[in-house]
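Numbering (my numbering), first residue to last: 136 to 411.
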C-alpha cells in the first residue's frame with residue numbers, strides 16, 4: 136500500500152509517498168508564453184521517465200489521422216519530478232506512466248486530479264495489477280507499452296471523442312484576455328473590419344476577437360458550424376430555414392447565403408440534420 140501526504144511549500148505542491156517525493160510544481164514569477172490560457176489548442180501531456188519511449192509515443196500520436204498540428208499540441212515530460220502545475224492545468228489529455236522509478240504514477244495521478252479533474256487520463260504501463268487503483272482516479276484507458284501500435288489508434292480516437300463530449304467551449308482572445316464561449320450558446324459569427332464578432336444567445340453581448348473566419352471554420356469543423364457566406368459562420372442548431380434568399384435563424388435574424396456555393400452548403404446542412 137502506498138501512503139500519500141500532499142502539502143504546499145514555497146508556492147509548490149509536493150507529494151510524499153513511500154517510494155519518494157514528487158515536486159509537482161515550482162512557481163516562478165517569470166511567465167512562459169506557451170503556458171498562457173486562451174490559445175485555443177487541445178493540449179496533450181506525456182509523462183514518462185523513459186525519454187526514448189516518450190518520443191516514440193509522441194511520434195505515433197502525431198501520425199494518427201485525427202491529429203492536427205494546428206490545433207493540437209504535445210508536451211513531453213521525461214522527469215516526473217519536474218512536472219509543472221501549469222502543464223497539468225492546461226492539459227486536456229494526459230498519458231501517464233505508472234512505474235517511474237521512485238515515482239508512483241497512481242499517486243501522482245491523485246495529485247493531478249486535484250488540479251485538473253476533467254482531463255482524459257490514459258495510463259501507460261507494462262503491468263495490469265494497477266487497474267483497480269486506476270479507476271479511483273478516473274483512468275480512461277490502460278495502454279500496454281507492448282501493444283502501443285495496436286491499441287493507440289482506437290484509444291486516441293476515443294480520447295478525442297471524450298474531450299469533445301465535455302461542455303463544448305471555444306477559448307478566444309478578447310481585449311487581451313482569454314474568454315471561454317460555450318458553443319451551444321454561440322448563434323453565429325460575422326466579420327467586421329478584420330475582426331470576428333461572436334453573436335451569442337440573448338442576453339449575452341457579442342464579443343470581438345482578431346482571428347480569420349477561415350481559421351475559425353477549420354477549428355469548428357466537427358462542432359456543427361456551417362460557412363454560409365464569406366462573412367458568416369453559423370451554428371446549424373440555430374438554423375430555422377435555409378433558402379437561396381438567405382438563412383433564417385431561430386432568433387428571427389436573416390443572414391445572406393452564398394449563391395455560388397449554395398448547393399454544397401445545403402448538402403452539408405442536410406447531412407448534419409440526418410446525422411446519427
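Idealized CB from N, CA, C, for every residue including glycine.
The structure presented is a predicted model; accordingly, all values stated were derived computationally and were not measured.
Rounded C-alpha distance that separates residue i from residue j
i, j, result
"residue 427", "residue 291", "For residue 427 there is no data in the structure shown, the boundaries of the chain being 136 and 411."
"residue 385", "residue 296", "28 Å"
"residue 359", "residue 369", "9 Å"
"residue 243", "residue 399", "50 Å"
"residue 157", "residue 253", "Its pLDDT being 44, under 50, residue 157 is placed unreliably in this model, and the value from its coordinates should be taken loosely. Between residue 157 and residue 253, the C-alpha separation is close to 22 Å."
"residue 241", "residue 343", "43 Å"
"residue 193", "residue 301", "24 Å"
"residue 325", "residue 246", "42 Å"
"residue 203", "residue 318", "20 Å"
"residue 405", "residue 374", "11 Å"
"residue 218", "residue 177", "18 Å"
"residue 380", "residue 322", "19 Å"
Assigned exposure category for residue i - 16 Cβ within 10 Å defines buried
i, result
"residue 214", "exposed"
"residue 276", "buried"
"residue 378", "exposed"
"residue 294", "buried"
"residue 200", "exposed"
"residue 274", "buried"
"residue 205", "exposed"
"residue 362", "buried"
"residue 269", "buried"
One or two residues paired with residue i in a DSSP bridge
i, result
"residue 343", "332"
"residue 313", "308"
"residue 235", "238"
"residue 229", "180 and 256"
"residue 376", "383"
"residue 369", "323 and 361"
"residue 389", "383"
N-terminal and C-terminal residue of the alpha helix (DSSP H) that residue i is part of
i, result
"residue 195", "186-197"
"residue 404", "397-408"
"residue 293", "283-300"
"residue 349", "348-354"
Where the beta strand (DSSP E) through residue i begins and ends
i, result
"residue 210", "207-212"
"residue 278", "274-279"
- Say whether the segment 231-243 touches the segment 198-210, bearing in mind that this needs 3 or more beta-carbon pairs closer than 8 Å, one atom from each stretch. no
- Message: For the pair the segment 220-233 and the segment 304-318, tell me if three or more CB-CB distances fall below 8 Å.
- Response: no
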